[in-house]
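Taken in order, these protein sequences are the chains called A and B. For the first sequence, my numbering assigns the number 744 to the initial residue and increments by one for each residue that follows. For the second sequence, my numbering assigns the number 668 to the initial residue and increments by one for each residue that follows. C-beta atoms are modelled at their ideal positions from N, C-alpha and C, and glycine is treated no differently. This one's a predicted model, so the numbers in the text were calculated from it and none came from an experiment.
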Amino acid sequence: MSDEIILTGAGGWVGSRMLHGLLHGLPDYTDIAAAPGTQLRCFYRDGESSVTAELTADTETRVLPVFGDLTVAADCERLFQGTRNPLLVHTAGVIHPRRVREFFDTNVEGTLNLLKAGSRAGCRRAVIVSSNSPIGCNPYPEHRFDEKSPYNPYQGYGRSKMEMELRARDYAAELGMELVIVRPPWFYGPFQPPRQTLFFSMIKEGKGPLLGDGLNQRSMVYIDNLCQGLALAARHPAAAGQTYWIADAEPYPMQTILDTIESVLEQDFRMDVAHKRMRLPGFVAEVAYYVDAAIQSAGLYHQKIHVLSEMNKNIACSIDKARRELGYEPKIALREGMRRSIQWCLDQGMSI
Amino acid sequence: MRITQPESFLRSEIVVIGSGPGGAVTAATLAGAGRQVLLVEEGADLPQDSCKPFTLDEMRQKYRAGGITAAFGKPSVAYAEGSCVGGGSEVNSGIYHRAPPEILDTWARDYKVDFFSPALLESHFAACEQVMHPAGYPASLPRASQILREGAAKRGMKSLDVPRLVDFGPDLDEQGVPYSQRRSMSATFVPMFLNNGGNLLAATRVEKLARHRDGWEIHARHAGMRSLLIRTDKVFVCAGAVHTPALLQRSGISQNVGKTLSLQPMVKLTAEFAEPVNFPGMGVAGEQVSEFSPEFSFGCAISSRAHLAINLADETDGVALAVNRHRHLVSYYVMSRGSLNGSVRALPGFNDPLVRYGVTQRERENLGKGIKALTRVLLAAGAMRVFTGLSDNRVIESLRQTDKLDNTLPAGFSNIMTVHLMSSCPMGEDQRKAAVNSWGRVHGHAGLYVSDVSTLCTSPGVNPQGTIMALAHRNSEHFLKV
């Protein structure tokens, strides 16, 4: 890896885990730690709490926090100021905004600002985190997306990520940079935001939403698996100019996801669980889809309705290309990953 | 290879629709880089010498609908489009300009065109010029040019021989000016394309595009009858300012498509001289007075017998005059810069879309001022009379009479025409205005590009072919890098 690394979204879920990984390695992926002497610049939003002394103790990697706003070109310039041929790992992005416009400002314009500023500093490779949403939903449960699947963006977020991918490719070509696009589906694991903890609570209380038959397939990615994918995308020569799906080894049926969480809560953590589901007919998700579309077309965004609209969809991908070309191998699967997530929540003093 | 008997199912990595300056440069550049390209053209595949230049035969063979198409509005504007392999370059006068730098800068600013400036376009203009070699007259100017230059000098204006895309031959005409032949697309980029392994399919109209897996499916009709299906990874639509937006609309793509259409409204004036001024094979001269540019300019127009007859059709005995006195007649044009005041809309069940354009007050002022200035220039150069095409003051015979000419063309004026239509799918990252991105990719679609005159954000105020070719070259090179 490069001597200098720029990490955006360092205060976010993926970014903070990646930061941890670069400084100390991760339990199953010790080799993703940056080489001793590496300079690491972390980009935080103004007002975000930044890297702690605890995290930077015991490491020879120097960490410099930079605060600013991706949508401000001058802030991006400042981020790269004085760096030489850095590597950019761009994890910042908006998933659940208040207004659809924010998707485009941050996800598209912000990314382009970074690439422009990066190219001036001689940045050779940029790894950017996209999503499953530019590709939409699988036509049937057994179908798997690969990197050749056509764009079919899901709502405003999907369109913003599609635009981000396409325009970033255009920019990288003009700027002579190697661009690597990483597409993770739904992720889970330590550092998860409150919305995911709420999901565990709902399952414990018997309110885990199950729409339709629950046999729809969802790819998920344990956060450390994703960090491995990002590290490979950043390091591997074959990754230049490529796109990769990075997920757990196999997709899971929705019902299995809920059952697994319930079983971990009960058996591993000895919690009382209600053994019930909030069973809703499949059309509820369809209704939510149209309500979501209507809200988004008005330029607004409602997180719960958006998430509900996706609950009965198949969103499943194949990681064959990342395995073949990068040697990506996810070591953590659903049960172990969920156990670690719940452990982390409890360690943080959260109640489920 | 020329495909004359196509199978009903074809497959190519890249398909380019339309073989005019945009499509031919795109196809040749991509094929030159080793890509597999199929170039599809609605019109016929005819060599440059299939007819005499600027004749009625040429209009029948190489123009869409024999050259008779009109944009509705008050007044309506007649427009002419090439429809053959090579498109507009096969029938136009080959006048070559680069778009003025200040216009390119306004596009970059107002439409947010990325990586776009006169300096960044330099290499693309140069690459096309190396193939096209635009050139002025090697020695003496034809009489039509001299008239404009003398008259302009007497009126205190400057007139220039604008380079044209022609080859000058060794033989001289009666005035001692070498004969010239167009360096059209069929003489340059189309043969380059074929030599680089490209496949050309003429006489094939594309009806519709549809997404197919991660590529596109093209529904087409060959020779007016047989249905064809073409599958491809990437499509470049280069069918011109009217048919590019119409095809996209028929394919369900409408965001900022065909909502703006610019054209450069033009009127023709014809001057009669006592002495012979028109010589067989003279072609069209590139002489232009452009000091009022980009608002308006005037210069030499096609003055073949056929074109003179059309230009004088409204005059009493105009056609007879054109036939009998054509050696003494020569036509000139006044061209205004266009606004974005038009639209193109595909109509279900019709082959041709509805084209509308409202000539603005400003354009009527430009044309009015231009007619007045040009009439004075021609009289100063010794014209006996000038046919203005106006309903009052049809014929002007003296400088004193020019005082009667209005500074604004009347709203009911019926002889406005154009050969330059553009801007119906403007480029840029500003998604409120632009249909395609900074390199021609249609917004919201992968693998679908437009690379022709439609993507010019506004009228450049000069003949657009040079700019179209440079943009097509730029877009193709970018495509190859991504």
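### Query
Which same chain residues, not among the five before or five after Leu1041 of chain B, have their C-beta less than 7 Å away from its C-beta?
Leu936, Phe965, Tyr999 and Val1001
#### Entry: Contact check, Ala968 of chain B vs Gly818 of chain B, beta carbons under 7 Å
no
### Query
Taking the Cβ atom as the reference point for each residue, do Thr1069 of chain B and Lys1039 of chain B lie within a distance shorter than 7 Å?
yes
### Query
Since Gly966 of chain B sits in a beta bridge, which residues does DSSP pair it with?
B:Gln955 and B:Tyr1000
### Query
Per DSSP, what kind of secondary structure is Lys901 of chain B in: helix, strand or coil?
strand
### Task
Consider the C-beta atom of Ala1040 of chain B and the heavy atoms of the ligand NAP; say whether any pair is separated by less than 6 Å.
As presented, the structure is devoid of all ligands, the ligand NAP included, so that no description of it is given.
### Task
Please state whether DSSP places Asp1153 of chain B in a helix, a strand or coil.
What is shown of chain B runs 668 to 1149, which leaves residue 1153 of chain B out entirely.
### Query
Is any beta-carbon of chain A found at less than 7 Å from that of Val1149 of chain B?
yes
### Query
Tell me, which residues are paired with Ala877 of chain B by DSSP?
B:Glu884
### Task
Could you pull the start and end residues of the beta strand (DSSP E) that Pro961 of chain B belongs to?
That residue, Pro961 of chain B, is in no beta strand (DSSP E); it is neither H nor E in DSSP.
### Task
Please confirm whether Gly951 of chain A and Arg844 of chain A have their CB atoms less than 7 Å apart.
no
### Message
Tell me the DSSP secondary structure of Trp929 of chain A in three-state form.
### Response
strand
### Task
Locate the alpha helix (DSSP H) running through Arg1066 of chain A, then write down its first and last residues.
Asp1063 to Leu1069
### Query
Would you call the segment 982-991 of chain B and the segment 1002-1010 of chain B in contact, with 3 or more CB pairs under 8 Å?
no
### Task
Please name the residue in B:Gly755, B:Gly1107, B:Met1136 and B:Ser1081 whose C-alpha comes closest to that of Ala745 of chain B.
B:Ser1081
### Message
Short of 7 Å Cβ to Cβ, which residues in the segment 861-892 of chain B face chain A?
### Response
Arg878, Arg880 and Asp881
### Query
DSSP beta-bridge partners for Thr871 of chain B?
B:His889
### Task
Using 10 angstroms around the beta-carbon of Lys1056 of chain A, count the other beta-carbons present and answer buried if the total reaches 16, otherwise exposed.
buried
### Query
If we count Cβ pairs, one from each stretch, closer than 8 Å, do we get three or more for the segment 898-905 of chain A versus the segment 873-889 of chain A?
yes
#### Entry: Contact check, Ser1003 of chain B vs Phe940 of chain B, beta carbons under 7 Å
no
#### Entry: Same chain only: Cβ atoms within 6 Å of Leu1147 of chain B, ignoring 5 sequence neighbours per side
Ala700
### Message
Quick check: is the beta carbon of Lys859 of chain A nearer than 7 Å to any beta carbon in chain B?
### Response
no
### Query
Name the chain A residues that come within less than 9 Å of His1145 of chain B, Cβ to Cβ?
Asp913, Ala916 and Glu917
### Task
Taking only runs that begin and end inside the segment 701-776 of chain B, name each unbroken alpha helix (DSSP H) of 4 or more residues, in chain order.
723-729
### Query
Which class does His833 of chain A belong to by DSSP, given the choice of helix, strand or coil?
strand
### Message
Which residue wins for smallest C-alpha separation from Leu787 of chain B, given the options B:Ala906, B:Ser1105 and B:His974?
### Response
B:Ser1105
### Query
Where Ser812 of chain B and Gln1132 of chain B are concerned, what is the direct C-alpha to C-alpha distance, given to the nearest angstrom?
21 Å
### Best match in A:Asp967, A:Glu1079, A:Phe942 and A:Glu1005 for proximity to Leu1051 of chain A [C-alpha to C-alpha]
A:Phe942
### Query
Hey, is the segment 724-735 of chain B in contact with the segment 866-879 of chain B, meaning 3+ C-beta pairs nearer than 8 Å?
no
### Task
Give the range of the beta strand (DSSP E) segment to which Arg788 of chain A is assigned.
Gln782 to Arg788
#### Entry: Which listed residue (B:Lys821, B:Val780, B:Ile684 and B:Met799) has its alpha carbon closest to that of Glu884 of chain B
B:Ile684
### Task
Mark Leu909 of chain A as exposed unless 16 or more other C-beta atoms lie within 10 angstroms of its C-beta, in which case mark it buried.
buried
### Message
Please report the straight-line C-alpha distance between Ala860 of chain A and Cys819 of chain A, rounded to a whole angstrom.
### Response
6 Å
### Task
Please list the residues of the segment 757-790 of chain B that have a C-beta atom closer than 9 Å to any C-beta atom in chain A, keeping them in chain order.
Asp781 and Phe782
### Task
Kindly indicate which residue of B:Ala806, B:Val833 and B:Val924 has the alpha-carbon position closest to the one of Cys1124 of chain B.
B:Val924
#### Entry: DSSP-derived helix/strand/coil call for Cys1097 of chain A
Here chain A comprises residues numbered 744 to 1095, so residue 1097 of chain A is not present and cannot be evaluated.
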